[in-house]
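Residue numbers (my numbering): 1 to 135. Beta carbons: idealized from backbone N, C-alpha and C, even for Gly. Notes follow once the structure below has been shown.
The following block contains the structure:
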């Protein structure tokens with residue numbers, strides 16, 4: 001039996017609050033790792049910080065905040081999934097393989113598409129409010 005199979009089988013027990021807290025702890029560790037070592041995640045964190053500060057300054061309404069929050073968290077979540085996919089592919093093979101490249105490229109494309117949508121939402125919500133400041 002392989003290591004990962006043992007982990008999967010071990011994880012099938014009944015519900016436990018301790019296991020729930022452990023899972024939460026591991027998830028937080030994943031976010032911390034990404035924030036420290038993943039350049040693209042750091043860029044997204046920086047951009048998100050600017051958007052959040054700007055959104056407070058521009059006094060967005062609830063619906064606008066919902067769109068901004070969904071956009072930010074969606075980009076972050078996809079970036080984490082992309083990083084996990086890259087690690088899994090690297091673990092599966094140390095050789096350069098066309099399918100490994102496709103898997104990584106497709107995961108990155110998912111992040112790009114969602115990020116472009118988030119930027120468009122940001123422009124549509126924040127753009128007019130920023131323009132009003134100057135006119």
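So the candidates are the options; which of them puts its Cα closest to the Cα of residue i?
| i | options | result |
| --- | --- | --- |
| residue 115 | 70, 65, 38 | 70 |
| residue 129 | 51, 77, 29 | 51 |
| residue 60 | 126, 13, 131, 103 | 126 |
Residue i to residue j, Cα distance in whole Å?
| i | j | result |
| --- | --- | --- |
| residue 41 | residue 15 | 32 Å |
| residue 22 | residue 32 | 15 Å |
| residue 108 | residue 117 | 14 Å |
| residue 135 | residue 63 | 24 Å |
| residue 113 | residue 19 | 35 Å |
| residue 76 | residue 103 | 19 Å |
| residue 74 | residue 131 | 26 Å |
What is the DSSP secondary structure of residue i, counted as helix, strand or coil?
| i | result |
| --- | --- |
| residue 13 | coil |
| residue 60 | coil |
| residue 31 | helix |
| residue 96 | coil |
| residue 135 | coil |
| residue 79 | helix |
Taking all protein chains shown into account, decide if residue i is buried (16 or more other Cβ within 10 angstroms of its Cβ) or exposed.
| i | result |
| --- | --- |
| residue 37 | exposed |
| residue 68 | buried |
| residue 17 | exposed |
| residue 218 | It is not possible to answer for residue 218, since the shown part of the chain is limited to 1 through 135. |
| residue 111 | buried |
| residue 44 | buried |
Taking CB distances under 9 Å as the criterion, tell me whether residue i reaches chain C.
| i | result |
| --- | --- |
| residue 85 | Going by chain labels, chain C is absent from the structure shown, which holds only one protein chain. |
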